[in-house]
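Asker:
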Amino acid sequence: ARVVAVTGSASGIGAAVAAMLRARGDRVIGVDLKDAEVCADLSTAAGRAAAVAAVDDQAGGVLDGIVTCAGLSRAGAPQVSVNYFGTTELVLGLQPALAASSAGRVALVSSISSTQPHDAELVDLCVAGDEEAALARAEELVAGGRPHEIYSSTKAALNRWMRTVAVSSDFAGAGIPVNAIAPGVVLTPMTAELVSDPQWKAIMDRAVPMPLGGYAPPEAIASALLWLISPDNTHMAGQTVFVDGGAQVLTAPPSV
Ligand code: NAI
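Per UniProt numbering, the very first residue in the sequence shown carries number 3; after that it's consecutive.
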């Protein structure tokens, strides 16, 4: 049995990951605002530090995997703190525990939104690790009528950060694969309101067309995340894998 930390474990994709891990006998250390083994607010530096310490303690210093699902959409500037810093600081803070495992693995949850219009300045500030300036830039985007670019920017920043970390001595060098899944539209509390509103649904279906299978159940994303953190994954590094029913193929220009 493996010991796996799952952020955002109380709802949606994180809850599906936790349930599937537990069903196969693994031990889950869930991290969420409530209803979790570790209750912590990942939107603050203090909450993130407390979460790292509590996970490390509950894992006894040896962690086999971390899956970061905690995230916010349509919530303004705080998306920067939860989606980006709530992911990167947890992963970096738990690196020693992952390195102590014989098969430590990291899987992030990105989004198809990472390929959609985003703000280069906000992405740069996130990747530079400047949370205060990133929050200020996000507030500017809200004031400038571009609030939707905050979410896509946090996810684009995650992809870029992940590519660097994945090949670093602390991760690749320590035998720890780091990768991400980018979902299309997943049926969770995050999207429930959008898919039930015909106007939003039409906008979403244009932005994220999913010819294979339509909207995904959270388990479709969870099973891909589970493979990324399994010992079977020995040589995938720094990849963002789209589990999106074909949306990325239909909406992003081909890279080759
Ligand atoms: P959800 O809203 O069902 O679950 C998110 C979880 O994160 C909740 O349990 C929430 O309490 C937790 N969370 C939020 N703020 C937190 C904080 N400050 N501290 C600790 N925990 C916090 O959302 P869902 O759909 O399961 O999303 C999971 C991830 O998947 C997110 O990163 C989201 O951006 C991403 N995603 C979701 C898609 C969808 O269509 N649902 C599509 C693409 C990506």
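Note that CB positions come from ideal geometry on N, CA and C, so glycine has one too.
Can you tell me whether D37 is helix, strand or coil according to DSSP?
Answerer: In this structure, D37 counts as coil in the three-state DSSP scheme.
Asker: Whose C-alpha, out of T70, C71 and V54, is nearest the C-alpha of G63?
Answerer: Of the listed residues, the one whose Cα sits closest to G63 is V54.
Asker: Is the beta carbon of G240 less than 8 Å from the beta carbon of A168?
Answerer: Yes. Within cutoff.
Asker: Spatial neighbours of Y217 within its chain, please: C-beta separation below 6 Å, excluding the five flanking residues on both sides.
Answerer: Correct list, in chain order: V187 and L189.
Asker: With distances taken Cα to Cα, identify the nearest neighbour of D234 among L65, E133, T89 and P179.
Answerer: When only C-alpha atoms are compared, the closest one is P179.
Asker: Counting only runs that start and end within the stretch 119–182, where is the alpha helix (DSSP H) found for 4 or more residues in a row?
Answerer: Counting only runs of 4 or more, we get 122–129, 133–145 and 150–168.
Asker: Let me check you understand the geometry: is the CB of C71 closer than 7 Å to at least one non-hydrogen atom of the ligand NAI?
Answerer: C71 Cβ: within cutoff of the ligand NAI.
Asker: So for A109, helix, strand or coil by DSSP?
Answerer: If DSSP states are grouped into helix, strand and coil, A109 belongs with the strands.
Asker: Tell me the rounded alpha-carbon separation between residue 2 and V19.
Answerer: No information on residue 2 is available, as it lies outside the stretch 3 to 258 that the chain covers here.
Asker: Find out if the Cβ-Cβ distance for the pair D66, S11 is shorter than 8 Å.
Answerer: Contact flag unset, no.
Asker: Go ahead and pull the three-state DSSP assignment for T9.
Answerer: DSSP places T9 in strand when its eight states are reduced to three.
Asker: Which partner residues of R29 appear in the DSSP bridge assignment?
Answerer: V5, per the DSSP bridge assignment.
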